[in-house]
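So the sequence lines, in the order shown, correspond to chains A and B.
Yeah, the first sequence ends on 354 if you go by our numbering, and it's all consecutive.
Yeah, the second sequence ends on 708 if you go by our numbering, and it's all consecutive.
Beta carbons are placed, not taken as given, at the ideal position from N, Cα and C, and that holds for glycine.
Protein chains: 2
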Amino acid sequence: MAATYQNHRAQIEAILIGWGMLPETAEQTAEVIAWADLHGIDSHGLSTMTMYHERWKKGRINMQAQPRIVRETPVSVLIDGDAGLGHSTSILAMETAISKAKSIGMAISSVRNSAHFGACGFYTEMAAAENLIGLVSSTTSIVQVAPAGGKEAQLGTDPISFSAPGIEGQPFLLDMATTTAAFGKVRNKFNEGLPTPPGWLVTKDGLPSRDPSEVVEKGGSLTPLGGSPEGSDHKGYGLAVMANILCACLSGSTLITSPMHMKQPYGQDISHFFMVIDPGLFRDIEDFRADVASLSETLRATTPMDPSKPVMIAGDPERHKAKERMEKGIPVGKGLLEKIRAIVQEDEIPWLLE
Amino acid sequence: MAATYQNHRAQIEAILIGWGMLPETAEQTAEVIAWADLHGIDSHGLSTMTMYHERWKKGRINMQAQPRIVRETPVSVLIDGDAGLGHSTSILAMETAISKAKSIGMAISSVRNSAHFGACGFYTEMAAAENLIGLVSSTTSIVQVAPAGGKEAQLGTDPISFSAPGIEGQPFLLDMATTTAAFGKVRNKFNEGLPTPPGWLVTKDGLPSRDPSEVVEKGGSLTPLGGSPEGSDHKGYGLAVMANILCACLSGSTLITSPMHMKQPYGQDISHFFMVIDPGLFRDIEDFRADVASLSETLRATTPMDPSKPVMIAGDPERHKAKERMEKGIPVGKGLLEKIRAIVQEDEIPWLLE
């Protein structure tokens, strides 16, 4: 079954309102979550609501959160997320960075005391839509990535997103976990009883494995991008540490390696980093966009390995999916649909998905 | 044979002076090149002098280059490298970004009309030494990386470096090409007659191969970090495009995908990006450093897969090498030594390496 984008988004908003979220916060949060589903990033869409539901019931999300600016300069702002979900706090953070970058040329919003904020790409796209460059990162709650050369997981999937305006409506938009594969992909292989490709995971003893149950059930870890020493996993590992420095160390949030990680009395103390740069600092914005567009078009024109799969630039796959889903609706798997229905029934929320 | 660091550096400086480089420029350039050798980054050290020698003889390097600031704001500067080698221009760029970041909190120096600048890590380390975060990238001259899913090479190895101050004298210092493996590693396998590990390269038809001659002799390409579609090579590809946007598109330099790339009448029009962030924008610098130090120490304490190989943080391998080479001297392979001797004899320069 596939509800329209409008109904899909309205369902998410209705649930958030049902949980007692402030109306404006719920509207923004639903926008970010539905954006992920629309763009095919299902791991960060409706499926996250089951996780939020559990955390809300345990009293670990402040639905009345009022994020506030705790420190400010012409180029920067430090925001406390007030233990709420990260989405609407992150819109405030990105809007603030955009506004400051328009005034002085570049700016950073650093966010602490936040939680899961959905897909990074939503926020970098905000910058691109304003003819600006965006760079966004976040820490994570789940410790599931071993450092290169190490046995135990110490890090998260620590995403990085970068956007730049080029062709109208088609910004370059990179949004990547710093792991070889997302946990969701490993779980899917596990559910299908299939082996994972080489390099996706290691056992709890740090040995390479192709058995997804090692990660799903037996305490193994995801690998940093690169997948193995010979594949240069020290690079993915390095990028993950960079993300933790830009997010947690800069904002003063709990380190993922701290004994206090996930043991905060209230909230999760997840941290985010939002940076915006105005290319107009260096040249005319239209010249900059023309070069990004030229680079994009030349890359797309590369002879593909498989003639049925044209070379793309970052952002293309998600745009294609969004166009398709805006027309045909957003499909929701049967298992997830039943979980959402149960939440709606339990919390006495209107049902809008069918 | 292994000359002392001092003699090694003096030899490089003497050659540059012999080529007619301005004395202050030669001193700085030799410092950057010798830094790479000292830290074990041999691909960016003395070995680059043979490449520079060829370019100089072809009249493609302006040894009298006087880099100049062509545009400036409180947070930014655009520098024209005057078709010289990139090293001393890049020191000026990083010093300028550091100075502005100390004043306002963050800054970017964008450089155009430059050339090879050595190892990125030299410049990010400059930021860390001043208690600042550094982010540096560069475009490259050689087109040798195929986009994910593509047959032909379109991009360079497009490096990214990031540093942050933590433990005294031990900053986190990531310096990575956005490819799976550097070209030098492929060439070494070729020279030894050994196969490359899976995922390092593709043939000129875009097919995975473990035969290094495919890249060295037959027009094949290096892979973006990730190495294959299943290894998420779209991520390394995306990072390479990000580097090109930050360097070439921002500074208005020739795109690597342009027909004019490497066909400039004079110089190479390589571009660089230098960004500096003051953590003091968000919190006390000592608290920031303590968190980076804690993160670093916890990661180093991870149980290693191989008990003889402790887990490291980015920057550790190079620091160990620098300590060793400062004590024992910098080894230079016989082949390279003969090439340098020939240059010295040809250009009537003093010989200092023995």
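* Asked: Given a threshold of 16 other Cβ atoms within 10 Å of its Cβ, counted over all protein chains shown, does R68 of chain A qualify as buried or as exposed?
  -> exposed
* Cβ distance (whole Å) where A502 of chain B is taken to contact D587 of chain B below 8 Å -> 4 Å
* Please decide whether I599 of chain B counts as near chain A, where near means a Cβ-Cβ distance under 8 Å. => yes
* Would A473 of chain B count as contacting chain E if we go by Cβ distances under 8 Å? -> Going by chain labels, chain E is absent from the structure shown, which instead holds the protein chains A and B.
* Does the beta carbon of M242 of chain A sit closer than 8 Å to a beta carbon anywhere in chain B? -> yes
* Complete beta strand (DSSP E) runs within the stretch 503-552 of chain B (minimum length 3 residues, chain order) -> 514-521, 524-530
* **Residue environment, S103 of chain A, which counts as buried when at least 16 other CB atoms sit within 10 Å** => exposed
* Compare the C-beta of A122 of chain A with all C-beta atoms of chain B and state if any pair is closer than 8 Å. => According to the sequence displayed, residue 122 of chain A carries Phe and not Ala. No, its Cβ sits nowhere closer than 8 Å to a Cβ of chain B.
* So which residues on chain B does Q154 of chain A lean against when the C-beta distance must stay under 8 Å? -> T652, L653, T656
* Name, going along the chain, the residues of the stretch 267-279 of chain A whose beta-carbon falls closer than 8 Å to a beta-carbon of chain B. => I277, P279
* Asked: Are the CB atoms of D158 of chain A and N113 of chain A nearer to each other than 8 Å?
  -> no
* Asked: Hey, would you say A368 of chain B sits closer than 8 Å to L706 of chain B, going by beta carbons?
  -> yes
* Asked: Which residue's Cα is closest to the Cα of I631 of chain B: A:G199, A:S110, A:I61, A:D287?
  -> A:S110
* To do: Could you check what DSSP says for L222 of chain A in three-state terms: helix, strand or coil?
  => strand
* Hey, is V75 of chain A's beta-carbon within less than 8 Å of any beta-carbon in chain B? -> yes
* Taking 8 Å as the cut-off, decide whether the C-beta atoms of S401 of chain B and A507 of chain B are in contact. => no
* Asked: Since E72 of chain A sits in a beta bridge, which residues does DSSP pair it with?
  -> A:V77
* With distances taken from CA atoms, which of A:V186, A:I167, A:S163, A:E168 is nearest M176 of chain A? -> A:S163
* **Per DSSP, cross-strand counterpart(s) of M460 of chain B** => B:I631
* Would you give the residue range spanned by the alpha helix (DSSP H) that G18 of chain A belongs to? => 5-18
* Per-residue contacts from I313 of chain A into chain B (C-beta, under 7 Å) -> V595
* Taking three-plus beta-carbon pairs below 8 Å as touching, is the stretch 401-421 of chain B in contact with the stretch 621-628 of chain B? -> yes
* **Reference L600 of chain B, options B:T656, B:S492, B:E378, closest by Cα** => B:S492
* Where does N191 of chain A land, buried or exposed, given buried means 16+ other C-beta within 10 angstroms? -> exposed
* To do: Please classify S161 of chain A: is it buried, with 16 or more other beta-carbons within 10 angstroms of its beta-carbon, or exposed?
  => buried
* Does the distance from the CB of V186 of chain A to the CB of V143 of chain A come in under 8 Å? -> no
* **Contact with chain B by V145 of chain A, beta-carbon distance below 8 Å** => no
* **Bridge-paired residues (DSSP) for G134 of chain A** => A:S163, A:V276
* Asked: Roughly how many angstroms separate the alpha carbons of I371 of chain B and G150 of chain A, rounded to a whole number?
  -> 47 Å
* From E613 of chain B to S294 of chain A, what does the alpha carbon distance come to, in whole angstroms? -> The sequence given here has Pro at residue 613 of chain B, not Glu. In a straight line, the C-alpha of P613 of chain B is about 12 Å away from that of S294 of chain A.
* Asked: Any idea if S308 of chain A is buried or exposed, counting beta-carbon neighbours within 10 angstroms, 16 or more meaning buried?
  -> exposed
* Buried versus exposed, by CB contacts within 10 Å (16 or more), A342 of chain A -> exposed
* Compare the C-beta of R341 of chain A with all C-beta atoms of chain B and state if any pair is closer than 8 Å. => no
* **Residues near P212 of chain A in its chain [Cβ-Cβ closer than 6 Å; skip 5 each side]** => V186, K189, F190, T196
* **Contained beta strand (DSSP E) runs [length at least 3] in the stretch 585-641 of chain B, N- to C-terminal order** => 624-631
* Asked: Can you tell which of B:I610, B:A644, B:A380, B:D396 has its C-alpha closest to the C-alpha of T298 of chain A?
  -> B:I610
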